[in-house]
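The opening residue of the sequence shown carries number 8 in my numbering; numbering runs sequentially from there. Heads up, the beta-carbon is just placed ideally off N, CA and C, and yes, glycines get one too. Because the structure is a prediction, the values reported are computed rather than measured.
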Amino acid sequence: MLDREDYAKRFDLLKLALKEIIRVIQEDGENLRNNELAEGSALPKNPELVDSLARYLENTCFFGELVLHFPDMAYRILKGVDGWRDLLIRALEYTRSFVSILDQKSLEMLGLLEQEIDEGKRTDSYVNPYRERANESSKSKETKKKKKANIKKGPQLSGGAKTEL
């Protein structure tokens, strides 16, 4: 378990990172919408728009990495941020439309992020191993597996009454 100082440092750093990521996604998303850069369209000619698109895609992926790896801390931070879930679901959809730019690992991670933040799209097999509840349930399963039935050693009487003639 993380000690309190380490947890506090991680929490503060994650809080700072998530707030900055959300700010960048909001600003660059607005810039992309104002310039009518549609989902999945070709790269724009304007270098400012290319930078804005790159920041938007990178920050959406980075947000995903942070939420997937630190879900408990991230949700504690994000519950104080209004509209974060809707903003990120839109960012996910927009980001995933640029399949020609993103690599396969990023697309897989975005799919996992979608399941993490949108419970309606969660599959039955989805489990985030970084969640504390997931760790607790796997530990309890391990302890159950370790218990073995006690087998008595030595001679024993058999179960039923047998009569010999």
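By the Cβ neighbour-count rule, residue 58 is exposed, with fewer than 16 other Cβ atoms within 10 Å of its own. Here residue 103 carries a helix assignment [DSSP, helix/strand/coil]. When DSSP assignments are scanned along the stretch 68-136, the uninterrupted stretches of alpha helix (DSSP H) that are 4 or more residues long and fall wholly within it turn out to be 78-85, 91-103 and 111-124. In terms of Cβ geometry, residue 67 and residue 98 form a close pair [threshold 8 Å]. Within the model, the alpha-carbon separation for residue 125 versus residue 25 is close to 18 Å.
Excluding sequence positions up to five before and after residue 45, its CB lies less than 7 Å from no other CB in the same chain. The C-beta separation of residue 88 from residue 120 comes to about 16 Å, leaving the pair out of contact by the 8 Å criterion. DSSP places residue 13 in the helix class (H, G or I) of the three-state scheme.
Taking all protein chains in view, the Cβ of residue 47 is surrounded by fewer than 16 other Cβ atoms within 10 Å, so the residue is classified as exposed. A direct Cα-to-Cα measurement between residue 137 and residue 160 gives close to 43 Å. The beta carbon of residue 80 sits closer than 7 Å to those of 17, 18 and 21, all from its chain and outside the five residues before and after it, given in chain order. Under the three-state reduction of DSSP, residue 51 is assigned to coil, being neither helix nor strand. Just so you know, the alpha carbons of residue 117 and residue 11 end up roughly 31 Å apart. With fewer than 16 other Cβ atoms from the protein chains shown falling within 10 Å of its own Cβ, residue 34 counts as exposed.
Closest by C-alpha distance to residue 14, out of 123, 83 and 164, is 83.
Here the C-alpha atom of residue 49 lies approximately 12 Å from the C-alpha atom of residue 56.
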